[in-house]
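Residue numbers (full-length UniProt numbering): 1 to 229.
For reference, the structure is listed below as structure tokens.
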């Protein structure tokens, strides 16, 4: 059977990156609200304003669309955090002093905070990630494990801790330090209802994001400096 991908423009299926991006954005929102099994491909197509067969045209099936959502989140994360990560990797290669690499770690976290909270669709992505981490709400296929983006950022953070501590920590200890530091933002990202209860926030405003970044920078600097002695 002729693939939908081979049909020409007269087929009537929407084409173009803009349409594909709109479908993915809609799917992230609906998968986040309802889980993978809780929404149909037809419902996603309707919400995105495209014919149902267009999802097959772009993604083959609902599982393919789900994978595209994950890939889109990873790509967006690297677009937001990648540039500063590359800068910090250059500092590490140049054997910059501890103060500079500590500042670099803080800048990575600030970029992460902007990605997690300041982007227009940040709340939808947070719900999607929370659902994805629940085995009952995501397809049981290859949609698991850390992305190349996540690994590279994690390795950069670990290299900073190793540099600051003068390689006195084991890999496991370095992992615990990074998890503790990065968890300052991850908990706010994944447990928003709990954060709202603790701090009385009904929304995460730009002012609150800046305040959060300031607190995280202070904490991170204190934690990393404690490993210099």
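Glycine residues also receive a C-beta, built at the ideal position from the N, C-alpha and C atoms.
Computed from a prediction, not measured in an experiment: that's the story for all the values here.
- Shown here for residue 189: same chain residues with a beta carbon closer than 8 Å to its own, the five before and five after excluded, namely 116, 117, 126 and 129 in chain order.
- Counted as a single uninterrupted DSSP element, the alpha helix (DSSP H) harbouring residue 25 occupies residues 17-34.
- When DSSP states are grouped into helix, strand and coil, residue 51 belongs to the coil group.
- The beta carbons of residue 220 and residue 92 sit no closer together than 9 Å.
- Between residue 113 and the set 77, 175, 60 and 199, the nearest pair of CA atoms involves 77.
- Residue ranges of uninterrupted alpha helix (DSSP H) with 4 or more members, entirely inside the segment 162-209 and ordered along the chain, are 171-190 and 192-199.
- Between residue 228 and residue 164, the CB-CB gap stays under 9 Å.
- Shown here for residue 223: same chain residues with a beta carbon closer than 8 Å to its own, the five before and five after excluded, namely 177, 180 and 181 in chain order.
- Here residue 85 is buried. Its C-beta has 16 or more other C-beta atoms within 10 Å.
- Residues of the same chain with a CB within less than 6 Å of the CB of residue 39, apart from the 5 flanking positions on each side, are 30 in chain order.
- Between residue 72 and residue 218, the alpha-carbon positions lie close to 31 Å from each other.
- Cβ neighbours of residue 69 within its own chain (closer than 6 Å, five residues either side excluded): 24, 27 and 28.
- Ranked by Cα distance from residue 63, the options 139, 90, 202 and 212 are led by 139.
- Unbroken alpha helix (DSSP H) stretches of 4 residues or longer found wholly inside the segment 84-111: none.
- Pairing residue 32 with residue 131, the inter-Cα distance amounts to about 6 Å.
- Contact check for residue 102 against residue 153 fails: the beta carbons are separated by 9 Å or more.
- Annotated three-state conformation of residue 114 is helix, per DSSP.
- Distance check between residue 50 and each of 16, 37, 75 and 81 places 16 closest, using alpha-carbon atoms only.
- For residue 125, the enclosing alpha helix (DSSP H) has its first and last residue at 122-132.
- Its chain contains no residue whose beta carbon lies nearer than 7 Å to that of residue 226 once the 5 sequence neighbours on both sides are disregarded.
- The Cβ atoms of residue 119 and residue 162 lie no closer than 9 Å to each other.
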